[in-house]
């Protein structure tokens, strides 16, 4: 099973449109302890529904929360992003999911593969977990949360299938 690790921003966006449920049924989803605390622990205190959704998936073992030893040091990154890199360098994953441009540049420099949040929709369609029409509908749900160029690129790829 393909192993994906999400940063907090990606987890929040995917939770808000309920795509994280589909994603967790199709792939192995991992959050680091720091990302979990950033999104879920803090989010639950503030009453955020996306935090509750992720907490439910963690409790049902659809999403794994992993603690990792610090091996990478970059003071420009937040704790969550740094822990994602630590996990990738220590344990390894197939793909990081993030929309954070500064973080993606660091991943690129470390040759760690990644996809933007919208890219997960294309993955689900190509793995036949969503129809093309469902994929386009989810993409429209992300409209106000992701970059237009990500939307246009993924939509053109979906339309080409």
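Residue numbers (the working numbering): 317 to 477.
Quick reminder that beta carbons are idealized off the backbone N, C-alpha and C, glycines included.
In angstroms, rounded to a whole number, what distance separates the CA positions of residue 386 and residue 392?
Locating residue 386 in the chain shown gives position 70, counting from the first residue. Locating residue 392 in the chain shown gives position 76, counting from the first residue. Cα to Cα, the separation comes out at about 15 angstroms.
As a quick exercise: from 377, 325, 341 and 449, pick the residue whose alpha carbon is nearest that of residue 318.
Taking the chain shown and counting its residues from 1, the one referred to as residue 318 is at position 2. If we check each option's Cα against that of residue 318, 341 comes out closest.
Once DSSP output is grouped into helix, strand and coil, what is the label at residue 344?
For the purposes of this step, residue 344 is taken as the residue at position 28 of the chain shown. Here residue 344 sits in strand by DSSP.
When you compare the CB positions of residue 322 and residue 347, do they come within less than 8 angstroms of one another, or not?
Within the chain shown, residue 322 is the residue found at index 6, counting from 1. Within the chain shown, residue 347 is the residue found at index 31, counting from 1. Cβ distance < 8 angstroms, so residue 322 and residue 347 count as in contact.
Compute the distance between the beta-carbons of residue 420 and residue 470, then report whether it is under 8 angstroms.
For the purposes of this step, residue 420 is taken as residue 104 along the chain shown, with counting starting at 1. For the purposes of this step, residue 470 is taken as residue 154 along the chain shown, with counting starting at 1. Cβ distance not < 8 angstroms, so residue 420 and residue 470 don't count as in contact.
Other residues of its chain near residue 326: CB distance less than 6 angstroms, five sequence neighbours each side excluded
The residue you call residue 326 lines up with position 10 of the chain shown. Closer than 6 angstroms at the Cβ level, and outside the excluded window around residue 326, lie 413, 414 and 433.
How long is the line joining the alpha carbons of residue 365 and residue 334, rounded to whole angstroms?
Here residue 365 is taken as the residue at index 49 of the chain shown, counted from 1. Here residue 334 is taken as the residue at index 18 of the chain shown, counted from 1. Cα to Cα, residue 365 sits roughly 10 angstroms from residue 334.
According to DSSP, is residue 319 part of a helix, a strand, or is it coil?
Numbered from 1 along the chain shown, position 3 holds the residue referred to as residue 319. Residue 319 falls in the strand class under three-state DSSP.
With DSSP as the reference, label residue 447 as helix, strand or coil.
Taking the first residue of the chain shown as 1, we reach residue 447 at position 131. DSSP places residue 447 in coil when its eight states are reduced to three.
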